[in-house]
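**Q** To start, I am sharing the structure in question, which I have written as structure tokens.
Chains as they are written, first to last, in this note's numbering: chain C, 2 to 135; chain F, 2 to 135.
Okay, structure coming up:
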């Protein structure tokens with residue numbers, strides 16, 4: 002039993018290490034959001050750069066609070082609907098801090114019995130959103 | 002103690018789930034290679050597509066065997082040297098199956114006491130390598 006426990010511990014550390022390395026080194030900006038709470042479970046520095054925040058400032062934050070004109074309920078519903086559609090149409094939002102238009106590409110999965118959304122954030126880097134006549 | 006074990010188990014499943022979702026859904030082609038053995042520990046379907054193989058055909062395979070004219074020792078040395086340089090110059094290789102020029106961008110890390118290279122594979126999709134007069 003002790004060996005099995007140690008193997009489990011080693012396997013967890015292996016996944017943990019690989020997870021952190023892949024999050025840090027891919028091009029994609031990635032955020033994990035709890036469906037139940039709407040809060041960010043984890044995000045990489047690429048996502049933080051798109052959102053205009055430091056990476057360690059993102060964990061635990063309400064995902065919807067980072068975007069203009071979106072309530073938590075609205076954003077979650079939009080993201081869940083997007084995961085049901087076959088085409089890869091993003092949910093388009095505007096970041097509160099950097100006023101950039103960003104496309105959110107969500108994938109729904111379960112972890113430890115909880116529903117989680119992995120969202121890729123794809124910025125339109127050279128298209129700042131102009132505050133219009135609204 | 003039982004609660005701690007269950008929490009450890011849950012945490013491992015959580016990392017495991019996140020790891021698999023991020024590997025499957027990022028744009029990057031990613032391969033994990035053991036430094037000691039030169040064999041692939043894990044790879045995503047994006048990497049399999051670049052290499053012209055099925056994803057489940059990659060695990061356990063010698064990474065160097067997927068490229069022309071590279072011994073395991075040569076490829077490992079080139080990748081390790083690339084992790085030491087400051088600039089992001091890739092190790093350029095030619096795939097055995099698809100004859101495509103691919104840039105390997107390696108990152109070195111430790112997992113469970115073993116050195117592992119995470120390699121991103123960046124293909125030059127529209128530049129097939131012509132078998133020359135060599």
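Glycine included, every Cβ here is placed at the ideal spot set by N, Cα and C.
Remember, predicted model here, so these are calculated numbers, not experimental data.
Cβ atoms of residue 118 of chain F and residue 23 of chain F: under 7 Å apart, would you say?
**A** For residue 23 of chain F and residue 118 of chain F, no; Cβs fall outside 7 Å.
**Q** Helix, strand or coil for residue 135 of chain F? Go by DSSP, reduced to three states.
**A** The predicted model places residue 135 of chain F with a pLDDT of 37, which falls under 50 and marks its position as unreliable, so this point remains unresolved.
**Q** Residues of chain C with a CB under 9 Å from the CB of residue 26 of chain F: which are they?
**A** Per Cβ cutoff of 9 Å: 29, 31, 106, 108, 119, 121.
**Q** Give the list of continuous beta strand (DSSP E) stretches no shorter than 3 residues that lie fully inside the segment 60-128 of chain F.
**A** As far as the segment 60-128 of chain F is concerned, its whole beta strand (DSSP E) runs of at least 3 residues are 92-95, 101-112.
**Q** Do the segment 44-60 of chain F and the segment 70-78 of chain F touch if we need at least three Cβ pairs shorter than 8 Å?
**A** With a cut-off of 8 Å, the segment 70-78 of chain F and the segment 44-60 of chain F do not count as touching, because too few Cβ pairs lie within range.
**Q** Under 7 Å, Cβ to Cβ, is there at least one residue of chain F near residue 65 of chain C?
**A** Judged by the 7 Å Cβ criterion, residue 65 of chain C is not in contact with chain F.
**Q** Taking Cβ positions only, does residue 83 of chain C come closer than 7 Å to chain F?
**A** Chain F, which has no Cβ nearer than 7 Å to the Cβ of residue 83 of chain C, makes this no.
**Q** At a CB-CB cut-off below 7 Å, which residues of chain C make contact with residue 112 of chain F?
**A** Here the neighbours are 14, 15, 18, 19.
**Q** For residue 38 of chain C, which three-state DSSP category applies?
**A** Looking at residue 38 of chain C - three-state DSSP - the assignment turns out to be coil, as it is neither helix nor strand.
**Q** When you compare only the Cα positions, how much space is there between residue 60 of chain F and residue 125 of chain F?
**A** Computed Cα separation, rounded: 24 Å.
**Q** Using CA atoms only, rank isn't needed, just tell me which of F:98, F:77, F:99 is closest to residue 1 of chain F.
**A** Any question about residue 1 of chain F goes unanswered here, given that chain F covers just 2 to 135.
**Q** Starting from the Cα of residue 89 of chain C, find the closest Cα among C:65, C:16, C:123 and give me that residue.
**A** Measuring from the Cα of residue 89 of chain C, the nearest candidate turns out to be C:123.
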